[in-house]
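Going line by line, the protein sequences match chains A and B.
FYI, in the numbering used here the residues of the first sequence are 81 to 412.
FYI, in the numbering used here the residues of the second sequence are 5 to 656.
Glycine included, every Cβ here is placed at the ideal spot set by N, Cα and C.
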Amino acid sequence: MLASPSQTNSASSRATSVNANFVEFTDVFADLAAFTPAANSVYIYGTTPEARSAHSAAWEAKSSGVSFVRQVSHERWSAVFDAPAGPTNLELRNATSLSQFWAQFGGRTTYLDITGLGHHVWAPLLRTASRTIDDLRVVYVEPVDYSRSDAPTEGEIFDLSEKIGGIAPIPGFASLSMIPGDDFHLVVLLGFEGTRFSYLLENVQPPGGQVTPIVGVPGFKPQYPFYAYQGNKSPLLDSQAWKTVRYVTANCPFSAYSLLEAIADSTKLPLKIAPIGTKPHSLGAVLYAIRMGASVELVYDHPIRTARRTVGSSRALVYRVSALLTRNLNAP
Amino acid sequence: MHSATTGFLLSDVPSRTPEHPSTEAQLSQLFGSYKAEWLSEQLFDLFTEPEYWPELTTNRPCMLEGGRGTGKTTVLRVLSYEGQYAVMGRGRESVRNLPFVGLYSRVDTNRVRAFSGPEVTPGVWTKIFAHYLNLSMVLQCLVFAEWYQLRAGDSPLLTASACDEIALTLNLREADTQAELLSGVRQALLTLESQVNNIGETLPDGLSMQKAPVDVLVGHLATAIPRTPFFFLFDEYENFDEYQQRVVNTLIKHSGDTYSFKIGVREMGLRTRSTLNSDEQLVSPADYVRISIAEKLHGDDFRSFAARVCDSRLALIETSDGTGTTSINALLPELSEDAEAELLGGRGLVEAALSDRASALTAQELDAFRAHRLRDQLTVVQWTDYHNEPLDPAVREMLAGSPTWRHRSNNYGYALLFTLRRGRGQGGTQKYYSGWDVLASMAAGNIRYVLELVEQSVLLHLRSGAVYPSPVDPATQTRAAQAVGRKNLTELEGLSVHGAQLTRLVLGLGRIFELFARAPLGHTPEINEFELGDARDGDGDDLEARETSDLLRSAVMHLALLRNPATKLSLSPSDTRDFDYRLHPIFSAAFGFSHRGKRKMQLSDAEVMGLVKSPRTTLPEIVKRHRGAEISNASEPLPDQLRLFESYFRER
């Protein structure tokens with residue numbers, strides 16, 4: 081099981097909502113201006129029309145000796161980054177291509193800001209970074225709020241996704257070796273969009289009683305867990321999965337990781353994990369999938385995001401993932 | 005607890021005790037677990053053979069075609085060796101006497117989508133996918149062989165030389181035993197997984213020749229278990245990409261004596277009939293038997309099958325006082341049109357009209373008129389009122405046996421039931437949906453819908469204080485039908501990548517048919533179908549027609565719409581213009597239109613897409629074109645059960 085690290089860090093502040101067991105892994109900056117990337121580090125990020133992905137420019141302006149590497153474009157299986165050596169096209173399933181990308185930053189502290197990057201981009205980067213980067217920190221900026229739908233139904237309180245792209249493997253995370261059949265347990269890290277949960281249930285078709293939804297508690301905001309229930313009411317009722325809901329801190333990937341371990345331990349079944357909730361939870365799921373390999377299958381629906389799905393920028397969280405990845409990946 | 009009146013289906017009733025579950029808990033277990041994957045082993049115990057079952061058990065390849073919830077998965081799972089073992093009593097002899105060996109697998113989107121992308125050519129993907137298919141099918145056979153050995157207490161089915169031969173065909177290391185071969189295949193899948201996850205870096209090597217390992221393996225198994233054909237059961241065939249279907253179609257085309265294929269696929273889910281050989285197509289009936297559930301099970305056949313399914317489940321309910329079982333017909337009594345007209349206030353409408361407008365009718369004539377069916381009386385009263393005609397002569401014509409009035413009553417009598425409560429506010433039942441025949445008809449061949457309707461009807465009934473197995477009253481059945489319709493409408497969005505569009509299409513069509521139902525006189529009554537107008541020439545029409553075609557295809561696949569050939573001659577399954585489209589009757593109670601498939605209107609491609617993209621302008625235009633100023637979206641209140649979707653219909 082994942083245990084608290086003994087290391088300390090010099091974060092400017094601590095958030096009470098970060099699980100106390102894992103507080104040492106996370107630096108929390110209530111004021112975005114308080115954060116400055118470490119000198120001589122590398123900062124990889126993407127931008128979207130959302131206000132909260134604009135912080136990188138401010139941080140770049142006040143940093144010195146930091147290489148900021150921006151995602152220029154992306155497709156389902158590839159992404160282009162504006163690297164120091166020029167535009168770099170990354171084939172997201174090509175380990176050599178990804179490793180070469182990371183190799184140019186070897187030895188430097190590297191930040192991977194997942195706020196403005198899609199799962200299909202940051203997850204394969206994370207997968208390969210763990211082999212090359214000694215000190216990898218994942219950055220996430222919480223929004224002040226989410227955009228509300230003009231036409232809300234049970235599954236649509238918030239206007240977060242235009243449509244569902246469809247279930248397909250996240251590059252590098254295709255799972256072919258799990259024995260096909262009924263013997264698996266589905267874990268769904270819930271967000272606010274019940275439609276996505278319904279879509280997953282319809283497509284994954286978990287056996288009766290083998291679904292564990294996870295709700296972020298405490299949420300980014302105190303009211304968010306209630307929104308999660310409101311948005312997911314219909315599939316929670318229909319699948320009866322409301323009986324098995326588990327809670328874990330919304331902005332703590334390590335807590336999510338730890339809970340996944342606990343669920344796997346208790347069900348004794350291979351897990352299919354659907355990271356459709358908060359990005360920190362998704363980060364926990366991806367870290368867990370990297371660690372567990374063939375016994376875990378990530379299931380993702382690739383939503384097409386609404387252009388301005390969030391409002392403002394709240395706190396910045398910096399997760400020190402290298403210690404976790406290195407220790408567990410090297411575990412016997 | 006959740007109430008249907010607040011829009012949620014009743015479910016999850018706590019058991020009284022684990023040993024003596026309440027009637028509600030038993031009901032939810034027997035009827036609420038209407039998805040095959042939820043039932044686990046109980047699925048086999050509750051299985052009722054459909055009429056088409058014998059066709060599936062022959063050696064011929066079959067395509068079992070039907071919408072979501074029509075029972076494809078249940079049937080395929082019962083065809084599996086685990087299903088046959090359970091059906092035959094789960095004894096050692098059951099293993100030895102299996103009539104066939106069905107190997108079930110669901111086409112998993114998350115896996116098959118891994119075999120695409122720009123890193124390699126389509127030809128290479130085809131070879132990689134064919135290898136994956138070989139490994140998966142061989143794995144299924146080997147898992148069965150282990151199962152057989154364990155259950156039958158026999159020696160392994162495969163000899164050392166057979167294992168070695170199979171390993172060779174898969175380019176695996178030598179294998180002397182079944183267990184070694186199984187381990188090798190699992191290892192090969194792991195290797196393939198790694199190669200696909202790094203597809204841009206290296207090309208997979210050691211790929212096997214399509215079909216060869218399966219031929220060899222099944223050949224050996226058939227020797228070990230003679231006269232027992234093997235069926236590969238592929239469920240949700242629509243999840244394969246087109247090129248992947250071509251690969252499997254090739255296997256189906258060339259399946260031999262020892263093994264065959266039974267495919268479960270949604271209507272319109274067979275994307276291609278091509279094989280890998282450009283000169284060969286998969287043709288029915290030469291290459292496979294097409295079993296359309298909708299064609300095999302409709303009307304009386306479906307009602308009879310569904311009643312058997314329900315009655316067999318009702319028979320398992322044990323009441324604490326031992327009041328015994330009931331039948332679905334007794335549990336869900338029907339409501340005649342006249343009785344429904346009474347409940348909806350039709351008698352009062354007739355009497356008010358007679359009082360206001362019948363100036364010269366004698367007492368005898370009045371008595372004779374009142375002795376007629378209430379439906380006939382309403383037709384005369386409402387028709388004359390709408391056409392501004394005097395009532396007395398009409399009544400006398402009707403009493404004289406005028407065929408005109410008989411015809412009008414037949415034509416409009418049922419349709420008038422939708423108008424009796426028009427404009428009376430939104431409280432109370434506007435139209436009843438009651439009786440086993442009506443509810444089965446609303447399910448339109450979909451056994452999952454039947455189970456939902458029955459479960460919700462009885463649960464609401466019990467929650468109102470009634471005792472099982474007393475009959476469920478019409479109002480309760482209606483509320484259950486509304487709740488089930490609304491639930492399925494809400495769920496549409498989560499069914500596919502077109503989900504949001506489908507929801508909007510159903511909302512638009514449902515509202516139009518509801519408004520038409522409220523004003524039938526002077527128009528064609530009971531419209532709940534449409535056909536596409538001729539594709540127009542001109543800028544952008546091709547694109548629009550393609551867009552409409554894609555939407556309608558998805559709507560049929562996900563049961564938003566039903567389709568029927570427009571004429572017996574026009575049967576190109578892929579041409580959306582050759583069909584009439586009917587809004588699925590499971591939505592009829594939620595909106596308030598006729599559950600019966602009756603009459604159609606014409607819509608253009610632009611109107612169909614307009615209901616999805618710009619409903620607030622398109623919907624009123626369509627209603628106006630058909631009903632003029634008689635009725636409009638703005639003038640008619642939304643039914644209570646649709647308030648949640650109000651923003652779709654109304655300007656904010």
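Within a 10 Å sphere around the beta-carbon of B:Arg317 sit 16 or more other beta-carbons, which makes this residue buried.
Around A:Ser278, the beta-carbon contacts reaching into chain B at under 9 Å are Thr494, Glu495, Glu497, Gly498, Leu499 and Gly503.
B:Ala345 is a Cβ neighbour of B:Leu378, given a cutoff of 8 Å. Closest by C-alpha distance to B:Gly537, out of B:Glu548, B:Pro529, B:His527 and B:Thr528, is B:Glu548. Rounded to the nearest whole angstrom, the C-alpha separation of A:Arg385 and B:Ser32 is 38 Å.
A direct Cα-to-Cα measurement between A:Glu282 and B:Met402 gives close to 55 Å.
Judged by their CB atoms, B:Ala521 and B:Gly432 are not nearer to each other than the 8 Å cut-off. Less than 8 Å divides the Cβ of B:Asp239 from the Cβ of B:Tyr108. Selection A:Ser121, A:Thr168 and A:Thr212 evaluated against A:Asp193 yields A:Ser121 as nearest (Cα-Cα). Bridge partners of A:Arg326 according to DSSP: A:Ile294. With a cutoff of 8 Å on beta-carbon distance, B:Pro160 and B:Ala149 are scored as near each other. The beta-carbon of B:Gly204 is placed less than 8 Å from the nearest beta-carbon of chain A. B:Arg117: not part of any beta strand (DSSP E); DSSP gives it neither H nor E. At least 8 Å separates the beta-carbon of B:Glu246 from that of B:Arg270. Residues of the same chain with a CB within less than 8 Å of the CB of B:Leu496, apart from the 5 flanking positions on each side, are Gly503, Leu506, Thr507, Val510, His562 and Ala564 in chain order. Within the segment 95-116 of chain B, contact with chain A at the beta-carbon level (separation under 8 Å) is assigned to Ser109, Arg110, Asp112, Thr113, Asn114 and Arg115.
Contact between B:Ala444 and B:Ala310 holds, with the beta-carbon distance rounding to 5 Å and staying under 8 Å. With respect to chain A, the C-beta atom of B:Pro126 has no partner C-beta closer than 8 Å. The beta carbon of B:Glu45 lies closer than 8 Å to those of Ala90 in the same chain, with the five residues before and after it left out. Judged by DSSP secondary structure, B:Gln481 falls within the alpha helix (DSSP H) whose first and last residues are Pro478 to Leu496. Cα atoms of B:Pro641 and B:Ile635: separation of roughly 11 Å, rounded to the nearest angstrom. Here A:Phe115 carries a coil assignment [DSSP, helix/strand/coil]. One alpha carbon belongs to B:Leu519, the other to B:Pro589, and they sit about 16 Å apart. Runs of beta strand (DSSP E) with 3 or more residues, each lying fully within the segment 277-316 of chain B, are found at 293-296, listed in chain order. Between B:Gly71 and A:Tyr279, the C-beta spacing is not below 8 Å.
The three-state secondary structure of B:Thr173, taken from DSSP, is helix.
The count of Cβ pairs closer than 8 Å, one atom from the segment 188-205 of chain B and one from the segment 165-176 of chain A, reaches three, so the stretches are in contact. In this model, B:Gly73 and B:Thr52 are separated by some 15 Å (Cα to Cα). One finds nothing in chain B with a Cβ atom closer than 8 Å to the Cβ of A:Asn312; even the nearest lies about 11 Å away.
Within its own chain, the residues whose Cβ lies closer than 6 Å to the Cβ of A:Ala209, once the five positions on either side in sequence are excluded, are Trp182 and Leu216, listed in chain order.
The beta carbon of A:Val398 lies closer than 6 Å to those of Asp107, Arg217 and Val219 in the same chain, with the five residues before and after it left out.
Contacts with chain A (Cβ-Cβ distance below 8 Å) from the segment 172-205 of chain B involve Arg190, Leu193, Leu194, Leu196, Glu197, Val200, Asn201, Asn202, Ile203, Gly204 and Glu205, listed in chain order. In the same chain as B:Pro337, and ignoring 5 residues on each side of it, the C-beta atoms closer than 7 Å to its own belong to Gly439 and Pro475, in chain order. Under the Cβ distance rule, A:Ala163 does not count among the residues neighbouring chain B, no pair being separated by less than 8 Å. Taking a cut-off of 8 Å for Cβ pairs, the segment 290-297 of chain A and the segment 314-334 of chain A touch, as three or more such pairs fall below it. Beta-bridge annotation (DSSP): B:Asp584 is paired with B:Glu535 and B:Asn568.
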